[in-house]
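Q: Questions regarding the structure given below will be posed in turn.
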Amino acid sequence: MSTFRDLLSSKTTLKADARKLAIDELEKLIKALNEVLAAEKAKAAKKEEAAREANIRKINKLLAETGLDPEDLKKRKAGKRKAATKARGKAGKRAKVKPKYRLVVDGKEHLWSGRGRAPKVFQAHFDAGNSKESCLIESAGKR
């Protein structure tokens, strides 16, 4: 078995040894390995299912000992999910910020809250030598 593992551990060695075999021999080897793989996967799935069933039995035993019903857990889980969704909804939404600056260019009004990067229209206005205060909306300035 260790020779087989040594062979598989090096891709170069594996290629060199595979070149020594005829194509039909390689196909037989691949078929045999695929059968072994399928059998091992089935064995692992069966083992996993047995472990799952054992866990279910343990949980049902604990529920019986404590006098709880599986429906009690479902109700509790649903309640937590609703609360988590509600909390997430509140945290995710922010109030819209009122505009602090207004600029009218070619009859079109542009508004900006003053937060973040200045829009191109405002930046061009500031680059032309104008101040932010010249665009300040009066009601926003009085606090």
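If you read the sequence shown in my numbering, its first letter stands for residue 558, the second for the next number, and so on. All C-beta atoms in this analysis are idealised placements derived from N, C-alpha and C, irrespective of residue type, glycine included.
What are the start and end residues of the beta strand (DSSP E) that includes residue 665?
A: Run containing residue 665: 665-669, per the beta strand (DSSP E) assignment.
Q: Among residues of its own chain, excluding the 5 on either side of residue 671, which ones have a beta-carbon nearer than 7 angstroms to its beta-carbon?
A: Excluding residues within five positions, the ones whose Cβ falls inside 7 angstroms are 657 and 658.
Q: Excluding the 5 residues preceding and the 5 following residue 662 in the sequence, name in chain order all residues of the same chain whose CB lies nearer than 7 angstroms to its CB.
A: Answer for residue 662: 678, listed in chain order.
Q: Does any residue of chain B bring its CB to less than 8 angstroms from the CB of residue 602?
A: You won't find chain B in this structure, because it holds only one protein chain.
Q: Between residue 669 and residue 680, what straight-line distance do the alpha-carbon atoms span, to the nearest angstrom?
A: Approximately 11 angstroms, taken between the alpha carbons.
Q: Helix or strand or just coil, what does DSSP make of residue 698?
A: In this prediction, residue 698 scores a pLDDT of 46, lower than 50, which makes its location untrustworthy; no coordinate-derived value is stated.
Q: Enumerate in chain order the residues of its own chain whose CB-to-CB distance from residue 689 is below 6 angstroms, with the five nearest sequence positions on each side excluded.
A: Nothing meets the Cβ criterion.
Q: Determine the DSSP secondary structure at residue 678, reduced to helix, strand or coil.
A: If DSSP states are grouped into helix, strand and coil, residue 678 belongs with the helices.
Q: Quick one: measure Cβ to Cβ for residue 583 and residue 575, integer angstroms, because I've assumed they're closer than 8 angstroms.
A: With a Cβ gap of about 6 angstroms, residue 583 and residue 575 count as contacting.
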